[in-house]
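Comments concern the structure below.
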Amino acid sequence: MNVKKVCILGAGAMGHGIAQVCATAGYEVWVKDVKQEFLDRGRAGIEKNLQRAVSKGKLTEEKAKEILSRVHFTLDMEEAVKDAELVIEAVPEIMDLKKQVFAEVQQYAKPECIFASNTSGLSITELGNSTDRPEKFLGLHFFNPPPVMQLVEVIKGEKTSDETIKFGVEFVKSIGKTPVVVKKDIAGFIVNRILVPYLVLAIDDVEKGVATKEEIDATMMYKYSFPMGPIELSDFVGLDILYHAGQQWDIVPPSKLLAEKYEAKELGMKTGKGFYDWSAGRPKIPQELAGKYDALRLIAPMVNIAADIVAMDVADPKDIDTAMKLGTNMPKGPCELGDEIGLDVILAKVEELYKEKGFEILKPSEYLKKLVSEGKLGEKSGEGLYKYSGEFVFKNLTIEKDTENRIAKVIINRPQRLNALSPETLDELFEVFKQLEKDDEVRVVVITGAGDKAFSAGFDLQTAMQDPSALAPANSMMLAAKGQWVFTQIERFPKPVIAAINGYAFGGGCELAMACDFRIMKKGAKIGLTELSLALIPGWGGTQRLPKLVGIAKAKEMIMLAKRIDADEAERIGLVNKAVEPEKFEEEVMALAKQLAEGPPISLRVAKYAINFGYELPAEIGQVIEASYFGIVTSTQDVMEGVSAFFQRRKPEFKGK
4 MNVKKVCILG AGAMGHGIAQ VCATAGYEVW VKDVKQEFLD RGRAGIEKNL
54 QRAVSKGKLT EEKAKEILSR VHFTLDMEEA VKDAELVIEA VPEIMDLKKQ
104 VFAEVQQYAK PECIFASNTS GLSITELGNS TDRPEKFLGL HFFNPPPVMQ
154 LVEVIKGEKT SDETIKFGVE FVKSIGKTPV VVKKDIAGFI VNRILVPYLV
204 LAIDDVEKGV ATKEEIDATM MYKYSFPMGP IELSDFVGLD ILYHAGQQWD
254 IVPPSKLLAE KYEAKELGMK TGKGFYDWSA GRPKIPQELA GKYDALRLIA
304 PMVNIAADIV AMDVADPKDI DTAMKLGTNM PKGPCELGDE IGLDVILAKV
354 EELYKEKGFE ILKPSEYLKK LVSEGKLGEK SGEGLYKYSG EFVFKNLTIE
404 KDTENRIAKV IINRPQRLNA LSPETLDELF EVFKQLEKDD EVRVVVITGA
454 GDKAFSAGFD LQTAMQDPSA LAPANSMMLA AKGQWVFTQI ERFPKPVIAA
504 INGYAFGGGC ELAMACDFRI MKKGAKIGLT ELSLALIPGW GGTQRLPKLV
554 GIAKAKEMIM LAKRIDADEA ERIGLVNKAV EPEKFEEEVM ALAKQLAEGP
604 PISLRVAKYA INFGYELPAE IGQVIEASYF GIVTSTQDVM EGVSAFFQRR
654 KPEFKGK
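See below:
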């Protein structure tokens with residue numbers, strides 16, 4: 004992918020947000036709009052976002068100016084489009100307007116230029132067919148606000164080529180976002196196809212008196228750990244947005260109450276009133292109302308829709324769950340929830356709701372019925388939307404392998420929770436390192452966090468608090484022991500492990516990083532053992548590992564004051580090996596990983612053991628361990644290769660034998 008210039012059409016909230024993301028990634032960006040006031044507003048929006056990042060220590064003033072210098076604003080379409088490798092349209096959601104814009108764009112675009120629309124639901128096929136290059140047309144659906152939200156849906160129209168989709172995926176990764184490919188152009192794509200009916204079905208239950216808005220929201224927030232309940236989220240999104248979605252897509256159930264709110268201009272947070280009064284800020288939802296509503300009335304339809312998306316070969320369960328978690332901040336995706344609850348239970352509830360309401364979106368999925376008839380009910384039967392028998396299913400981790408360079412990257416994939424570590428995530432970390440230990444194609448492991456906000460913000464306290472017994476003394480002790488065991492296994496892992504600290508690394512996240520052999524930290528990130536601020540203490544090895552890295556005095560200061568320090572200070576005190584500018588971060592991490600992967604595997608392993616195990620022993624005993632390991636490595640073929648290469652003045656090729 005060779006992209007130098009990106010053109011963004013539209014300087015509104017989405018347009019200038021996308022422009023900022025692209026410029027931050029190093030691209031030269033031209034933003035075009037129809038009025039100077041729109042451009043001025045867009046520039047002001049970018050400046051405000053960048054200054055906020057500077058005030059939080061995520062960017063330097065110089066870096067912010069550099070990013071802004073890469074964004075060029077113009078009223079001239081030819082200037083904006085000429086020589087661009089990619090044009091992203093972000094104008095209002097009106098099909099004819101978008102077609103008119105692309106008709107003008109293609110007058111100036113070079114033949115190889117890729118066209119993309121940021122539409123949240125208009126047909127990519129229809130838009131592409133209106134241009135002179137439908138095979139080079141795709142959807143790039145960013146979520147609002149683009150600088151914050153991690154997900155980008157990459158949508159394939161009927162004529163979009165595989166090469167164009169590959170380009171889209173690589174581009175999205177290059178700007179630090181997570182792409183999810185939507186393999187077919189369906190109404191609502193993935194996220195909105197599931198989310199919008201979920202919201203409107205909740206409104207329908209309020210309208211019909213099934214439950215109060217507070218009971219619905221409290222149940223989803225406090226029993227299922229959703230960041231917002233569906234009624235509050237509807238207000239937050241905008242009731243006009245939901246209303247227009249209902250006019251646009253037949254997948255949205257009709258709602259008389261929603262129409263009344265729209266006509267009364269009670270549109271939610273933006274107008275100060277929707278279902279809730281927002282004049283005093285975010286509404287307070289009483290926790291004691293949690294459980295007074297049957298959450299399956301909303302969860303089952305989401306699972307049902309997800310099953311249809313799988314059956315249509317639009318996306319697989321993991322991509323659906325990734326999209327929903329990143330696009331909506333749901334703690335778990337609908338496919339995960341369905342398999343946990345039981346697909347038989349889900350199907351029974353959907354059949355009941357379809358009979359009760361009659362909405363087409365509630366019609367039981369044929370694929371869901373097939374799975375249940377075959378006894379594939381989810382976790383309890385070993386297979387459902389996911390397979391649980393045989394190969395381990397990673398729900399909270401993503402594993403990427405670079406077989407050419409013999410590097411594995413383990414990504415904590417819970418950005419909606421700042422990659423916080425749940426007990427299940429700890430289990431997955433233990434399992435993945437067990438698998439990678441046996442994988443001869445992997446010599447080095449890099450561990451990092453999904454997104455650009457957090458490496459890991461620590462233990463997932465919010466989820467744990469849903470269970471009143473989770474922090475009972477006996478359970479707390481077992482939880483601490485579990486984390487200590489997992490991190491000790493990483494510390495003892497026989498291959499080098501690099502912590503690529505790309506954002507917040509607090510509490511358990513800092514403890515995880517300290518269990519690794521090397522720590523590379525992005526400037527703008529923060530690290531610290533912050534448990535004392537919650538009247539807790541580090542429980543996963545922090546009180547033991549930190550003094551060894553930074554000395555006992557500095558460790559006491561950091562732990563007892565719950566300090567959060569930046570990358571430069573972390574490097575200065577020896578907590579991390581290196582602090583790196585954001586644009587060079589990935590390059591530095593992979594350079595270290597490649598250098599280690601080229602080393603002699605057996606010698607690296609025993610050197611690691613000699614350092615770790617001999618550190619606290621008397622020098623004489625430590626030297627005995629060192630001598631023993633020295634004797635072991637001299638018997639390896641790699642030693643002969645290393646000596647031969649040295650005298651022949653060539654690069655050695657170590658085999659690990």
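Each residue of the sequence shown is one higher than the one before, counting from 4 in the numbering used here.
All C-beta atoms in this analysis are idealised placements derived from N, C-alpha and C, irrespective of residue type, glycine included.
Note that the structure is predicted; figures quoted are calculated from it, not measured.
Exercise. What did DSSP end up calling Ser-459 once you bin it into helix, strand or coil?
Worked result: Ser-459: strand per DSSP, three-state reduction.
Exercise. If you compare alpha carbons, which of Ala-518, Trp-252, Asp-311, Trp-488 is closest to Ala-502?
Worked result: Minimum Cα distance to Ala-502 is reached at Ala-518.
For this session: Find the nearest neighbour of Gly-544 within the set Leu-599, Met-524, Ala-484, judged by alpha-carbon distance.
Result: Closest by alpha carbon: Ala-484.
For this session: Using only alpha-carbon positions, find the residue among Lys-366, Gln-547, Gly-387 that is nearest to Ser-376.
Result: The shortest Cα separation from Ser-376 among Lys-366, Gln-547, Gly-387 belongs to Gly-387.
For this session: Measuring alpha carbon to alpha carbon, tell me which of Gly-179, Glu-161, Asp-319 ends up nearest Ile-193.
Result: When only C-alpha atoms are compared, the closest one is Asp-319.
For this session: Report the residue ranges of all beta strand (DSSP E) runs contained in full by the stretch 48-132; include only those spanning at least 3 residues, in chain order.
Result: Considered as a whole, the stretch 48-132 harbours 74-77, 89-92, 117-120 as its complete beta strand (DSSP E) runs of no fewer than 3 residues, in chain order.
Exercise. Does the distance from the C-beta atom of Glu-88 to that of Val-175 stay below 9 Å?
Worked result: No, these two residues do not count as a Cβ contact at 9 Å.
Exercise. Taking the alpha-carbon positions, what's the Ala-665 to Gly-341 distance?
Worked result: Any question about residue 665 goes unanswered here, given that the chain covers just 4 to 660.
For this session: Rounded to whole angstroms, what's the CA-CA distance from Phe-509 to Leu-549? Just pull it up for me.
Result: The alpha-carbon separation between Phe-509 and Leu-549 amounts to approximately 13 Å.
Problem set entry | Stretch-stretch touch, CB-based, cutoff 8 Å, three pairs: the stretch 63-74 with the stretch 22-42 | Enough Cβ pairs lie closer than 8 Å, so yes.
Exercise. Which of the three DSSP states, helix, strand or coil, is assigned to Val-172?
Worked result: The three-state reading of DSSP puts Val-172 in helix, counting H, G and I together.
For this session: Using 10 angstroms around the beta-carbon of Pro-137, count the other beta-carbons present and answer buried if the total reaches 16, otherwise exposed.
Result: When all chains shown are included, Pro-137 counts as buried.
For this session: Please say whether Tyr-201 and Pro-233 have beta carbons closer to each other than 9 Å?
Result: Yes.
Exercise. Taking the alpha helix (DSSP H) that Thr-546 falls in, what are its first and last residues?
Worked result: Taken as a continuous stretch (DSSP letters only), the alpha helix (DSSP H) holding Thr-546 covers 545-553.
Exercise. Among residues of its own chain, excluding the 5 on either side of Gly-291, which ones have a beta-carbon nearer than 8 Å to its beta-carbon?
Worked result: In the sequence as displayed, the identity of residue 291 is Glu instead of Gly. The answer, listed in chain order, is Ala-221.
Exercise. In the DSSP assignment, what are the bridge partners of Arg-507?
Worked result: Strictly speaking, residue 507 in this sequence is Tyr, with Arg absent from that position. The partner list for Tyr-507 (beta bridge, DSSP) reads Ala-457.
Exercise. By how many angstroms is the C-alpha of Ile-244 removed from the C-alpha of Asp-36?
Worked result: For Asp-36 and Ile-244, the distance between alpha carbons rounds to 23 Å.
Exercise. Which full runs of the alpha helix (DSSP H) of 4+ residues lie inside the stretch 339-411, going along the chain?
Worked result: Uninterrupted alpha helix (DSSP H) stretches at least 4 residues long and entirely within the stretch 339-411 occur at 346-360, 369-376, given in chain order.
Exercise. Nearest CA to the CA of Gly-506: which residue from Ile-523, Pro-655, Val-435?
Worked result: The shortest C-alpha to C-alpha distance from Gly-506 to any of Ile-523, Pro-655, Val-435 is the one to Ile-523.
Exercise. In chain order, what residues of the same chain lie with their CB nearer than 6 Å to the CB of Glu-403, ignoring the 5 residues before and after it?
Worked result: Excluding residues within five positions, the ones whose Cβ falls inside 6 Å are Lys-412.
Exercise. Quick one, are the C-beta atoms of Gly-241 and Gly-271 less than 9 Å apart?
Worked result: Taking the C-beta atoms as reference points, Gly-271 is found nearer than 9 Å to Gly-241.
Exercise. Hey, out of Asn-5, Leu-350, Gly-617, Ala-119, whose CA is closest to Ser-164's CA?
Worked result: Nearest C-alpha to Ser-164: Ala-119.
Problem set entry | Reduced DSSP secondary structure (H/G/I, E/B, other) of Val-500 | If DSSP states are grouped into helix, strand and coil, Val-500 belongs with the strands.
Exercise. Would the beta-carbon of Gln-419 fall within 9 Å of that of Pro-230?
Worked result: Cβ atoms of Gln-419 and Pro-230: closer than 9 Å.
Exercise. According to the neighbour-count rule (16 or more other Cβ atoms, all chains shown, within 10 Å of its Cβ), is Asn-615 buried or exposed?
Worked result: When all chains shown are included, Asn-615 counts as exposed.
Problem set entry | Three CB pairs or more closer than 8 Å across the stretch 180-195 and the stretch 32-51 | Contact between the stretch 180-195 and the stretch 32-51 is absent, because fewer than three Cβ pairs lie under 8 Å.
Problem set entry | Alpha carbon of Leu-515 to alpha carbon of Gln-598, nearest angstrom | Our two residues, Leu-515 and Gln-598, have alpha carbons roughly 23 Å apart in a direct line.
For this session: Could you pull out every residue in the same chain whose Cβ sits closer than 6 Å to the Cβ of Asp-322, ignoring the five residues on either side in sequence?
Result: Result list for Asp-322: Val-183, in chain order.
Problem set entry | Alpha carbon of Lys-162 to alpha carbon of Ala-106, nearest angstrom | Taking the straight line from one Cα to the other gives about 18 Å.
Problem set entry | Residue burial classification, Thr-491 (beta-carbon count within 10 angstroms, cutoff 16) | Answer is exposed; the Cβ neighbour count stays below 16.
For this session: Please say whether Gly-345 and Lys-383 have beta carbons closer to each other than 9 Å?
Result: Contact check for Lys-383 against Gly-345 passes: the beta carbons are separated by less than 9 Å.
Problem set entry | Residue closest to Val-108, alpha-carbon to alpha-carbon, out of Pro-95, Val-90, Cys-513 | Of the listed residues, the one whose Cα sits closest to Val-108 is Val-90.
Problem set entry | Sequence-distant residues of the same chain with beta carbon closer than 8 Å to Asp-455, five excluded per side | The beta carbon of Asp-455 sits closer than 8 Å to the beta carbons of Gln-153, Gly-179, Asn-505, Gly-506 from its chain, once the five residues preceding and following it are set aside; these are given in chain order.
Exercise. Since Asp-571 contacts Ala-582 with CB under 8 Å, what's their CB separation in whole angstroms?
Worked result: Yes, Asp-571 and Ala-582 are in contact; Cβ-Cβ is about 5 Å, under 8 Å.
Exercise. Should Leu-100 be labelled buried (16 or more other beta-carbon atoms within 10 Å of its own) or exposed?
Worked result: It counts as exposed.
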